[in-house]
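What follows is one structure encoded as structure tokens, with my remarks underneath.
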Amino acid sequence: MHVKICGITSLEDALVAAQAGADFIGLILADSPRRVPLDEVRRIHALVGEQPSPVLVFRDAPPDDVIAALDHTGCVWVQLHGRETPADLAALRSRNPLLRIIKAFELTGSTGAAEILEYAEAARRAGAPPDVLLLDAPKSGPTPKPQRFVELAAQLRPRPAAIWRAGGLTPESVGEVVSSGLFDGVDVASGVESAPGRKSVERVRQFVAAARA
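Numbering-wise, this note's numbering comes out as the position in the sequence shown, counting from 1, plus 20.
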């Protein structure tokens with residue numbers, strides 16, 4: 021079970037995630053209270069390396085901006101949270117063949133398995149299949165019930181990529197996600213914070229332990 025701690029804003033919190041055994045840390049470059057300056061991302065990557073691997077999180081950023089950020093920081097993972105098309109993914113990978121892509125899908129009322137499978141197939145045909153499909157809660161509005169995520173993940177057959185779950189997870193709830201057997205990874209941000217943008221050492225440790233139990 022892969023574990024990603026998202027919304028990392030400091031080297032201190034990156035080290036907390038590393039010491040807890042997380043596989044990935046999310047560094048937000050989209051508009052967000054947890055946005056991290058690019059030079060700080062570069063510093064975190066230089067000191068933490070790939071254990072855990074840093075993931076640069078974007079929302080509807082121009083491909084040139086994404087590539088520039090990757091070049092500046094030396095990172096290879098991106099998470100795309102907006103309306104990026106399969107052609108956008110292909111444009112990115114053509115300029116960086118080593119690029120690893122997490123494509124997020126926010127579960128609004130209309131989001132269905134057919135839409136996600138169609139997107140993944142179009143990206144594959146374009147030469148840029150995503151490495152991970154992330155099922156997330158909408159940026160605004162209520163978090164879908166856990167059963168909604170389970171039902172959607174079960175419908176993603178054949179699996180076009182690894183399936184991760186995000187959206188409202190906590191150390192107390194992640195065990196149920198893992199026990200479903202439908203997800204390859206889990207992603208948490210506010211569920212392990214002591215204050216907005218500040219990670220709780222204890223809750224990060226609890227989350228990673230519960231995800232791996």
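Beta carbons: idealized from backbone N, C-alpha and C, even for Gly.
- Distance between residue 220 and residue 188, taken at the CA atoms: about 16 Å.
- Per DSSP, reduced to three states, the secondary structure at residue 62 is helical.
- When only Cα atoms are considered, residue 24 and residue 154 end up about 11 Å apart.
- Note on geometry: alpha-carbon atoms of residue 194 and residue 92 lie some 34 Å from one another.
- For residue 126, the closest of 173, 42, 117, 212 by C-alpha to C-alpha distance is 173.
- Our two residues, residue 178 and residue 214, have alpha carbons roughly 39 Å apart in a direct line.
- Counted as a single uninterrupted DSSP element, the alpha helix (DSSP H) harbouring residue 33 occupies residues 31 to 40.
- Residue 130 and residue 71 have their C-alpha atoms spaced approximately 37 Å apart.
- In the DSSP annotation of this structure, the continuous segment of the alpha helix (DSSP H) that includes residue 92 starts and ends at 83 to 93.
- By the C-beta criterion, the stretch 58 to 74 is judged to be in contact with the stretch 21 to 35, since at least 3 inter-stretch pairs fall below 8 Å.
- The C-beta of residue 159 has fewer than 16 other C-beta atoms within 10 Å across all chains shown, which makes the residue exposed.
- Residue burial is scored here from C-beta neighbours: residue 54 has at least 16 other C-beta atoms within 10 angstroms and is therefore classed as buried.
- In the DSSP assignment, residue 179 falls outside any alpha helix (DSSP H), carrying neither H nor E.
- With contacts defined as CB atoms closer than 8 Å, residue 180 and residue 135 fail to qualify as a contacting pair.
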